[in-house]
Structure formats: C-alpha cells, structure tokens
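Working notes for the structure below.
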Amino acid sequence: MAETTNTQTKHDVPRCTCCGNVGPWKVEPVLLGKHWAIGIVLMIFGFVPGLVYLGVTVAIRSNEDHRAKICTSCKARNMFTFLY
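Have a look at this one:
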C-alpha cells in the first residue's frame, strides 16, 4: 500500500525586482488617466465607441491579475503585460 504524505508547497514571498523590498503590494486602479483620455476622444467621434472602449477596459481590468502591482517602497510597476 502506498503512503500519502501531506507536503506543502513553499512559495517565495513577492519581492520587488527593482529594490528588493518584500512586503505588501499596491494594485493600480481599474481605469487610469490614459483610459479616460482615449474614451473621451472616442466619444468625440461618437458616443457609443467611447462607451464600448471604457466598458471593455473595465471588464478586462476588473480582475486584479490584469493590473500592475506597485511596490510601496520604490513605486516600481511589476506587471505581466503592458497592453492594458
């Protein structure tokens, strides 16, 4: 009979790639200034395209995994992508 053992996976604490700070991370807001600016410019060409852009952006960025994590010490942004 094979024995099963409970082994816990050890995860490293998140560490800033710039300053090496270990601690809590701040998550950037859902909509940044650039998103509002793009939405307003699109609303100039038509109200619906601006609303669609803002709606899609909010839908994508409502998940915290799709937003940058900001180091509380050096304010460096650690994110998986620069697309959104």
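The opening residue of the sequence shown carries number 1 in the numbering used here; numbering runs sequentially from there.
Quick reminder that beta carbons are idealized off the backbone N, C-alpha and C, glycines included.
In this text the structure is predicted, and so the values were computed from the model without any measurement.
Can you give me the C-alpha to C-alpha distance between residue 17 and residue 23, rounded to a whole angstrom?
On the sequence shown, residue 17 is found 17 positions in, with the first residue counted as 1. On the sequence shown, residue 23 is found 23 positions in, with the first residue counted as 1. Approximately 12 angstroms between the Cα atoms of the pair.
Could you give the residue range of the alpha helix (DSSP H) that holds residue 75?
Along the sequence shown, one-based indexing puts residue 75 at 75. Neither: residue 75 is in no alpha helix (DSSP H) and is coded neither H nor E.
How long is the line joining the alpha carbons of residue 58 and residue 19, rounded to whole angstroms?
Here residue 58 refers to the residue found at position 58 when the sequence shown is read from its first residue. Here residue 19 refers to the residue found at position 19 when the sequence shown is read from its first residue. Taking the straight line joining both Cα atoms gives about 31 angstroms.
DSSP three-state label for residue 22, please.
Against the sequence shown, residue 22 aligns to sequence position 22. Strand, per DSSP.
Give the secondary structure of residue 27 by DSSP, where H, G and I count as helix, E and B as strand, and everything else as coil.
If you number the sequence shown from 1, residue 27 lands on position 27. The answer is strand: DSSP assigns residue 27 an E or B state.
Measure the CB-CB distance between residue 53 and residue 70 and report whether it falls below 8 angstroms.
Within the sequence shown, the letter at position 53 stands for residue 53. Within the sequence shown, the letter at position 70 stands for residue 70. No.
Please state whether DSSP places residue 64 in a helix, a strand or coil.
As a first step, residue 64 is located in the sequence shown; it is residue number 64 there, counting from the start. Helix, per DSSP.
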